[in-house]
Amino acid sequence: MDCSPRLRALGLFDAKVPRYTSYPTAPQFSAGVGVSHFDHWVKEIPPLVEISLYLHVPFCRRLCWFCACRTQGTQKLDPVQIYLETLKTEIRQLASILPAGVRIGHMHWGGGTPTLLTPQMMTDLAGTVRAAIPMSETAEFSVEIDPNEIDQPRVDALAAARMTRASIGVQDFDPEIQKTIGRIQSYEVTQQAAQMLRAAGVTSLNTDILFGLPHQTTARMATSVKQLLTLEPDRVALYGYAHVPWMARRQALIPSDALPTPQERLTLFETAQKLFLQNDYAAIGIDHFARPSDSLTQAQKSGTLRRNFQGYTSDPYPVLIGLGASAISKFPQGYAQNDPSTGGYTKSIRAGHFATTRGHTLSQDDKLRARIIEALMCDFKVDISDLTGRGLGQPNDIHPLFERAAKTFAEFVDHSDQGFFIHPKGRALTRMIARQFDAYDMADSRHSSAI
Numbered sequence: 000m001d002c003s004p005r006l007r008a009l010g011l012f013d014a015k016v017p018r019y020t021s022y023p024t025a026p027q028f029s030a031g032v033g034v035s036h037f038d039h040w041v042k043e044i045p046p047l048v049e050i051s052l053y054l055h056v057p058f059c060r061r062l063c064w065f066c067a068c069r070t071q072g073t074q075k076l077d078p079v080q081i082y083l084e085t086l087k088t089e090i091r092q093l094a095s096i097l098p099a100g101v102r103i104g105h106m107h108w109g110g111g112t113p114t115l116l117t118p119q120m121m122t123d124l125a126g127t128v129r130a131a132i133p134m135s136e137t138a139e140f141s142v143e144i145d146p147n148e149i150d151q152p153r154v155d156a157l158a159a160a161r162m163t164r165a166s167i168g169v170q171d172f173d174p175e176i177q178k179t180i181g182r183i184q185s186y187e188v189t190q191q192a193a194q195m196l197r198a199a200g201v202t203s204l205n206t207d208i209l210f211g212l213p214h215q216t217t218a219r220m221a222t223s224v225k226q227l228l229t230l231e232p233d234r235v236a237l238y239g240y241a242h243v244p245w246m247a248r249r250q251a252l253i254p255s256d257a258l259p260t261p262q263e264r265l266t267l268f269e270t271a272q273k274l275f276l277q278n279d280y281a282a283i284g285i286d287h288f289a290r291p292s293d294s295l296t297q298a299q300k301s302g303t304l305r306r307n308f309q310g311y312t313s314d315p316y317p318v319l320i321g322l323g324a325s326a327i328s329k330f331p332q333g334y335a336q337n338d339p340s341t342g343g344y345t346k347s348i349r350a351g352h353f354a355t356t357r358g359h360t361l362s363q364d365d366k367l368r369a370r371i372i373e374a375l376m377c378d379f380k381v382d383i384s385d386l387t388g389r390g391l392g393q394p395n396d397i398h399p400l401f402e403r404a405a406k407t408f409a410e411f412v413d414h415s416d417q418g419f420f421i422h423p424k425g426r427a428l429t430r431m432i433a434r435q436f437d438a439y440d441m442a443d444s445r446h447s448s449a450i
């Protein structure tokens, strides 16, 4: 049955809502959280636990027009080397206050373009981390890979550093679309990168592809997905392109009149989704797909799937520490974000203290709503027993929240004494349903399309 009329009536094709990679979302962060909070929260990590570490490299050889990440273009490696020296100092500062026995269970390098680094830079950075903070013997180490900025020496350096997972950005293989979004990357270059990584022993390959790009049609979407499938990725993130030129000024170079309509975006998503499912990928959350053997699929089956700033993850660790300009850390107590400018970040670290400039301290109500939203985004359901078992609230406090959402989205959800459930036909509305549990005012915040 075509649900489009009801989806339209509920506002799916007009709404702007968060992606909910955190709760509260980053626009709610404030200067009320600073260096002292970060320092205190790190010191309160229990001894002997494993944590996640994120390192941000905010440089690209060229700036893709579609990208809204905090990054800057450079043709020279001098500013990159200066930044790396600062990042290594921050790593050592962190290590100096970590409780005894804390180890890294998961490390991710993002950006920007981490593969802009030379092989020696990569080796040096990985060595600095391992010398400062022990890594678990089973630690996962993932890196974002730009096929245009990878070669055999770089692959060899990452393999020697024990990278276990590589994440390749694809976006779309269509030449006209690539030209329009400022990202020229041929299928052949991408295929070569994937082959080098596999040959080097990287056992897990992620890929990202976008829907909702200018000039995308269902035929072009299908062609790009079929090309992507020949790379045999273990995991795919099918993200909706977020056109936010008020936040990312370079997106003003993309003609808005060439963008698909919201209803066309839904059709593009469904076209790609169908192909992934036909090729034995499991649907993970709202926009990921994974092979049966992938850790995301296993996490979904076991009910341990989670969501963070990198999207869906099987990372089980209670603390994520982000290092580098603009990086965000997540603690049980709240969020802490570094100064977004490389200049401000560098000045803070060189002065001998951390670079936290904003964040959010989680209240008990925040923790309850955060868990509800994460459960909906990951599992499309929330169990009352899960919430009470975590000490987040009592049924009398929780059911009124469910009732409000159930009233708005009645035919797409179920609400009972056991919990709250989104029907498969209503999963396109998941972010909008999650918004019902968000207590913060979004009047001054701009977000991406709900589809």
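Heads up: the sequence shown at position 132 corresponds to 131 in numbering that gives the first Met the number 0, and the numbers run straight through without jumps.
Virtual Cβ for every residue (Gly too), placed ideally from N, Cα, C.
All values derive from a computational prediction rather than experimental measurement.
Annotated three-state conformation of residue 386 is helix, per DSSP. In the three-state DSSP reduction, residue 60 falls in the coil class, being neither helix nor strand. Secondary structure note for residue 209: its beta strand (DSSP E) is the uninterrupted segment 203-210. Proximity of the segment 258-268 to the segment 198-208 falls short of the contact definition, fewer than three beta-carbon pairs being nearer than 8 Å. Beta-bridge annotation (DSSP): residue 249 is not paired with any residue. Pairwise C-beta distances place the segment 135-152 in contact with the segment 172-192, as three or more of them are shorter than 8 Å. As a beta-bridge residue in DSSP terms, residue 71 pairs with 58.
Relative to the Cα of residue 51, the nearest Cα in the group 354, 314, 429, 60 belongs to 314. The criterion of a C-beta distance shorter than 8 Å is satisfied by residue 82 and residue 341.
Residues of the same chain with a CB within less than 6 Å of the CB of residue 447, apart from the 5 flanking positions on each side, are 241 in chain order. Between residue 178 and residue 96, the C-beta spacing is not below 8 Å. Residue burial annotation: residue 184 is buried, with at least 16 other C-beta atoms found within 10 angstroms of its C-beta. Burial is judged here by how many other beta carbons sit within 10 angstroms of a residue's own beta carbon; residue 389 has fewer than 16 and is exposed.
DSSP places residue 335 within a strand segment (E or B) once states are collapsed to three. In its own chain, leaving out the 5 sequence neighbours on each side, no residue places its CB closer than 8 Å to the CB of residue 301. Taking 8 Å as the cut-off, the beta carbon of residue 110 is found no closer than this to the beta carbon of residue 450. Between residue 436 and residue 404, the beta carbon gap of about 7 Å places them in contact (Cβ cut-off 8 Å).
Beyond the five residues adjoining it in sequence on each side, residue 90 comes within less than 7 Å, by CB distance, of 127, 128, 131, 322 in the same chain, given in chain order. Taking the C-beta atoms as reference points, residue 358 is found no nearer than 8 Å to residue 326. C-alpha of residue 432 to C-alpha of residue 113: approximately 35 Å in a straight line. In the structure shown, residue 282 falls within a strand segment according to DSSP collapsed to helix, strand and coil. Rounded to the nearest whole angstrom, the C-alpha separation of residue 67 and residue 171 is 17 Å. Taking residue 316 as the centre and dropping the five residues before and after it, the same chain places the C-beta of 49, 50, 51, 104 closer than 6 Å to its C-beta, in chain order. For residue 42, the uninterrupted alpha helix (DSSP H) run begins and ends at 34-42, by DSSP.
Annotation: residue 220 to residue 378 spans about 27 Å, alpha carbon to alpha carbon.
Pairing residue 410 with residue 5 gives a Cβ-Cβ distance under 8 Å. 333 is the residue among 380, 351, 333 whose C-alpha sits nearest the C-alpha of residue 361. Relative to residue 318, the option among 53, 15, 420, 7 whose CA is nearest is 53. When secondary structure is reduced to three states using DSSP, residue 149 falls in the coil class, being assigned neither helix nor strand. In the DSSP assignment, residue 306 falls outside any alpha helix (DSSP H) and lies within the beta strand (DSSP E) extending over 305-307. Residue 134 has 103 as its beta-bridge partners, per DSSP. With distances taken between CA atoms, residue 100 lies nearest to 135 out of 108, 31, 135.
With respect to residue 218, residue 287 sits apart: the two C-beta atoms are not nearer than 8 Å. The C-beta separation of residue 419 from residue 381 comes to about 5 Å, placing the pair in contact by the 8 Å criterion. Excluding the 5 residues flanking it on each side, residue 298 has same chain C-beta neighbours closer than 6 Å at 304, 313, in chain order.
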